[in-house]
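Visitor:
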Amino acid sequence: MSILSTPSACDVVGIGNALVDVLSHESADFVAAQGIVPGSMNLIEEERKAALYDAMGPGIEMSGGSAANTMVGVASFGGSARYLGRVRDDQLGAVFGHDISSVGVGFTNPPADTGPATGSCLILVTEDGQRTMNTFLGASSLFGPEDVDHDVVRSGKILYLEGYLFDRDEAKAAFQLAAQVAHDAG
Numbered sequence: 083m084s085i086l087s088t089p090s091a092c093d094v095v096g097i098g099n100a101l102v103d104v105l106s107h108e109s110a111d112f113v114a115a116q117g118i119v120p121g122s123m124n125l126i127e128e129e130r131k132a133a134l135y136d137a138m139g140p141g142i143e144m145s146g147g148s149a150a151n152t153m154v155g156v157a158s159f160g161g162s163a164r165y166l167g168r169v170r171d172d173q174l175g176a177v178f179g180h181d182i183s184s185v186g187v188g189f190t191n192p193p194a195d196t197g198p199a200t201g202s203c204l205i206l207v208t209e210d211g212q213r214t215m216n217t218f219l220g221a222s223s224l225f226g227p228e229d230v231d232h233d234v235v236r237s238g239k240i241l242y243l244e245g246y247l248f249d250r251d252e253a254k255a256a257f258q259l260a261a262q263v264a265h266d267a268g
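Numbering (our numbering), first residue to last: 83 to 268.
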């Protein structure tokens, strides 16, 4: 159910992993000491995320995730966009909601009050500009049919589905539901 009663039409509705990117400038020695292959993208569990975060230097937090970033791109080029994703009622969930909304992307999914923390991607940027990404999917990995706001889906001219989210059966069911709602809306 949407916080908005009847969303006005928009250009694109995106569905994907709602993540907060945490960028930190680190040395190549730090990356090696953490046992991480430079330039890689790694899926990590919550315990590893906490240990790596504690070891990192200061970071910059901003909303992220493939589909969310695409919706930000749509808005930055003058289009209208909405986003459906799952965050937890925690600090990073608030960061995600604030950041994506502040650039003009509609985000109305209420945060979950149980389950894993909001997903994040710890991005280690070395002196040469190379990014090493360590992603904890967290709450976003539980996105399911109950998170699909039919009114938001119907409001979009285009429905954009992020492939990274398509791994779990619940997400597949959510994608199928969203596609059916969009199809029925014309």
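Beta carbons: idealized from backbone N, C-alpha and C, even for Gly.
Because the structure is a prediction, the values reported are computed rather than measured.
With DSSP as the reference, label Glu209 as helix, strand or coil.
Guide: Note: Glu209 maps to coil in three-state DSSP.
Visitor: Which two residues bound the contiguous alpha helix (DSSP H) that contains Arg130?
Guide: Residues 128-137.
Visitor: Is it true that the CB of Val230 sits closer than 8 Å to the CB of Leu166?
Guide: Yes, they are a contact pair.
Visitor: Would you kindly work out how many angstroms separate the C-alpha atoms of Leu134 and Thr196, rounded to a whole number?
Guide: Using only the alpha carbons, I get a separation of about 23 Å.
Visitor: Between which two residues does the alpha helix (DSSP H) carrying Arg236 extend?
Guide: Per DSSP, Arg236 belongs to the alpha helix (DSSP H) from 232-237.
Visitor: Is Ala100 buried or exposed, if buried means 16 or more other CB atoms sit within 10 Å of its CB?
Guide: The residue is buried, with at least 16 neighbouring Cβ atoms inside 10 Å.
Visitor: Would DSSP call Ser87 helix, strand or coil?
Guide: Low local confidence applies: a pLDDT of 48 at Ser87 is under 50, so the model's placement there is unreliable, with the coordinate-based value given in what follows. In this structure, Ser87 counts as coil in the three-state DSSP scheme.
Visitor: Does DSSP classify Val94 as helix, strand or coil?
Guide: If DSSP states are grouped into helix, strand and coil, Val94 belongs with the strands.
Visitor: Look at Pro120 and Thr208 and say whether their C-beta atoms are less than 8 Å apart.
Guide: For Pro120 and Thr208, yes; Cβs fall inside 8 Å.
Visitor: Across which residues does DSSP place Ile240 in a beta bridge pair?
Guide: In DSSP, Ile240 forms a bridge with Val94.
Visitor: What are the boundary residues of the beta strand (DSSP E) that includes Glu143?
Guide: Looking at the DSSP string, the run of the beta strand (DSSP E) that includes Glu143 is 142-146.
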